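Take a look at the structure below.
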Amino acid sequence: MIPELFADLNTKRVFGGWNPGWYFNNVHTADGHAKPSECIKCGKCERECPQGLPIRQLLTEVAAEFE
Numbered sequence: 005m006i007p008e009l010f011a012d013l014n015t016k017r018v019f020g021g022w023n024p025g026w027y028f029n030n031v032h033t034a035d036g037h038a039k040p041s042e043c044i045k046c047g048k049c050e051r052e053c054p055q056g057l058p059i060r061q062l063l064t065e066v067a068a069e070f071e
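Next up, the structure:
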């Protein structure tokens, strides 16, 4: 769900409002999906990311914004 979590953060930063928070809580982290704060910071996702994003850092930002 990493791309969806980043979409929530980007949407919140660009447009604000309640909608990104609703999607974070009721869709993207509901039904057993992991929250960004549960990341164990192993770096596997960053090694596989085709865009070379600093995923661990970005997940920390998502957690700070929504959790």
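To convert, note that position 33 of the sequence shown is 37 in our numbering; the numbers rise steadily by one, no gaps. All C-beta atoms, glycine included, are put in the ideal place defined by N, C-alpha and C. The structure displayed is predicted, hence computed values, not measured ones.
Item, Value
"Closest residue to Phe-70 among Met-5, Pro-24, Ile-6 and Val-18 (Cα-Cα distance)", "Pro-24"
"For Arg-60 and Tyr-27, the rounded distance between their alpha carbons", "21 angstroms"
"Simplified DSSP state of Thr-33, which is helix, strand or coil", "coil"
"Selected residue, minimal CA-CA separation from Glu-65, among Val-31, Pro-40, Thr-33 and Lys-45", "Pro-40"
"Residues of its chain near Cys-43, where Cβ-Cβ distance is below 7 angstroms and the 5 sequence neighbours each way are ignored", "Arg-60 and Leu-63"
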